[in-house]
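Chemist: Take this structure first; my questions come after.
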């Protein structure tokens with residue numbers, strides 16, 4: 002009975018690692034392949050955060066089962082990543098919009114032909 006639970010736990014951990022790695026790969030691919038800055042920031046922010054979350058969840062499950070008590074380190078890291086990734090992406094987009102607005106405002110008005 003106990004070995005069946007160990008095999009099930011290992012299967013869940015392996016599935017979380019594969020799903021997390023797949024999301025991280027999709028986020029990396031989006032960063033490399035998408036054309037626009039705003040598209041590039043969206044892909045990695047969403048999918049890579051989920052990828053890191055899956056890997057950290059697998060790590061927390063593994064070390065919790067191994068130690069016999071909950072592993073809080075991975076949960077704190079997950080909380081930190083889930084809070085900081087969207088905020089940093091938001092700040093990057095706001096900075097890009099401000100730079101575009103500043104560049105647009107500093108351009109001279111177009112000349113009219115008479």
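In my numbering, the protein residues as written are 2 to 115. Where a beta carbon is used, it is the ideal one built from N, C-alpha and C, also for glycine. Remember, predicted model here, so these are calculated numbers, not experimental data.
#1: Are the CB atoms of residue 49 and residue 25 within a distance shorter than 8 Å?
#2: Report yes if the C-beta distance between residue 94 and residue 53 is below 8 Å; otherwise report no.
#3: Quick one: residues in its chain with C-beta nearer than 8 Å to the C-beta of residue 29, no 5 flanking neighbours on either side, listed in chain order?
#4: Compare the C-beta of residue 32 against all C-beta atoms of chain D and say whether one is closer than 8 Å.
#5: By the three-class DSSP mapping on this structure, what secondary structure does residue 62 have?
#6: Would you mind working out which of 84, 57, 31 and 85 sits nearest residue 72, comparing C-alpha positions?
Modeler: Once the coordinates are examined:
#1: yes
#2: no
#3: 45 and 49
#4: Absent from the structure is chain D; it holds one protein chain and no more.
#5: helix
#6: 57
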